[in-house]
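Numbered by numbering that gives the first Met the number 0, the letters in the sequence shown go through residues 0 to 222 in order. Using N, Cα and C, we set each Cβ at its ideal position, and we do this for glycine too. Data first, discussion second: the structure below is written as structure tokens.
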Amino acid sequence: MKSPYKLLIVDDHPLFRRGVRQLVELDPRLSLVAEAETREEAIRLIRSEEPDLVLLDLCLGPDVHGLDILRTVRDLRPDLPVVILTVSDAEDDLLQALREGVAGYLLKNQPPEDILAGIHTALNGRLEISGQLRSALSDALTHARTSQPPNSTPPPLSHREMQIAYAVAEGEPNKKIAQRLGISDQTVKVHMKRILKRMGMRNRVELAVWTHENLIEHPTNTE
């Protein structure tokens with residue numbers, strides 16, 4: 000049997016961390032190897048425990064925001080999946096987290112089985128967003144697009160661009176996209192810049208939503 004995936008939770012509420020530990024213990028495929036309350040503890044434990052995924056709260060006291068920790072984690076281990084687990088259902092928090100490249104955004108009031116399923120989705124390299132927030136996200140991005148001057152119908156993407164768009168919609172970072180397609184990180188960045196410019200989009204979030212709405216068949220990984 001494969002060793003359980005190692006999880007680290009970063010949250011300043013001991014009772015909630017205990018609840019997550021009890022939840023994770025119900026799934027033999029997962030193991031909560033460490034708990035942190037502060038940025039310093041989180042960074043130290045990421046280095047020492049080498050988790051496979053981090054569960055991160057957005058609110059960690061009056062002076063610390065979870066996204067600040069996320070940016071530090073990105074510098075330390077760019078490929079480490081980070082799933083936000085929070086009470087905040089604010090659209091701004093969700094959009095900012097997605098722009099920072101989180102692997103998932105879950106709400107603490109979700110059913111326990113949905114939280115576990117979301118963790119596994121993120122571990123499998125796909126973007127997981129709480130069902131309570133998906134329609135809000137789509138509405139927010141639609142409003143953002145329609146509030147700008149109308150563009151003509153976006154030109155069709157090339158096969159390679161479709162591959163990259165689909166990978167972005169699945170929540171993959173550039174490095175993982177490059178590995179999947181057998182190209183360099185820099186080539187992925189060039190493609191991304193070209194795609195966003197051609198589509199009149201500002202960021203990966205808008206591209207991800209457009210992909211889910213418009214690309215029906217998943218492109219293969221061959222030219």
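Helix, strand or coil at residue i [DSSP, three-state]
i: residue 103; result: strand
i: residue 127; result: strand
i: residue 194; result: helix
i: residue 94; result: helix
i: residue 180; result: helix
i: residue 147; result: Confidence at residue 147 is low in this model, with a pLDDT of 49, below 50, so the placement of that residue is unreliable and no value is reported for it.
i: residue 86; result: coil
Backbone CA spacing between residue i and residue j [nearest angstrom]
i: residue 198; j: residue 21; result: 45 Å
i: residue 63; j: residue 174; result: 28 Å
i: residue 88; j: residue 16; result: 20 Å
i: residue 169; j: residue 161; result: 12 Å
i: residue 55; j: residue 11; result: 10 Å
i: residue 163; j: residue 176; result: 7 Å
i: residue 200; j: residue 207; result: 10 Å
i: residue 172; j: residue 100; result: 7 Å
i: residue 23; j: residue 91; result: 29 Å
i: residue 27; j: residue 183; result: 36 Å
i: residue 157; j: residue 202; result: 19 Å
i: residue 39; j: residue 155; result: 46 Å
i: residue 9; j: residue 132; result: 22 Å
i: residue 125; j: residue 32; result: 23 Å
i: residue 85; j: residue 2; result: 28 Å
i: residue 104; j: residue 195; result: 23 Å
i: residue 102; j: residue 57; result: 14 Å
Selection from the options that minimises the alpha carbon distance to residue i
i: residue 46; options: 64, 79, 27, 133; result: 79
i: residue 110; options: 130, 165, 43; result: 130
i: residue 67; options: 187, 113, 19, 98; result: 98
i: residue 165; options: 133, 209, 183; result: 209
i: residue 34; options: 48, 7, 49, 27; result: 7
i: residue 19; options: 112, 196, 126; result: 112
i: residue 61; options: 127, 36, 77; result: 36
First through last residue of the alpha helix (DSSP H) which encompasses residue i
i: residue 116; result: 111 to 122
i: residue 66; result: 65 to 75
i: residue 156; result: Note, residue 156: premise wrong, no alpha helix (DSSP H); not H, not E.
i: residue 25; result: Looking at the DSSP string, residue 25 is not in any alpha helix (DSSP H), and its letter there is neither H nor E.
i: residue 46; result: 38 to 48
Same chain, Cβ closer than 6 Å to residue i, five either side skipped, listed in chain order
i: residue 4; result: 29, 51, 122
i: residue 13; result: none
i: residue 186; result: none
i: residue 151; result: Low confidence applies to residue 151: its pLDDT is 47, below 50, so where it sits in the model is not reliable enough to give any reading.
i: residue 69; result: 81, 99
i: residue 117; result: 103, 105, 127
Close beta carbons around residue i, own chain, < 7 Å, minus the five adjacent residues each side
i: residue 204; result: 94, 97, 98, 140
i: residue 72; result: 45, 53, 79, 81
i: residue 42; result: 71, 75
i: residue 119; result: none
i: residue 188; result: 173
Terminal residues of the beta strand (DSSP E) in which residue i lies
i: residue 30; result: 29 to 35
i: residue 7; result: 4 to 9
i: residue 54; result: 52 to 55
Residues near residue i by beta carbon distance below 8 Å, same chain, minus five either side
i: residue 193; result: 160
i: residue 211; result: 168
i: residue 108; result: 86
i: residue 49; result: 5
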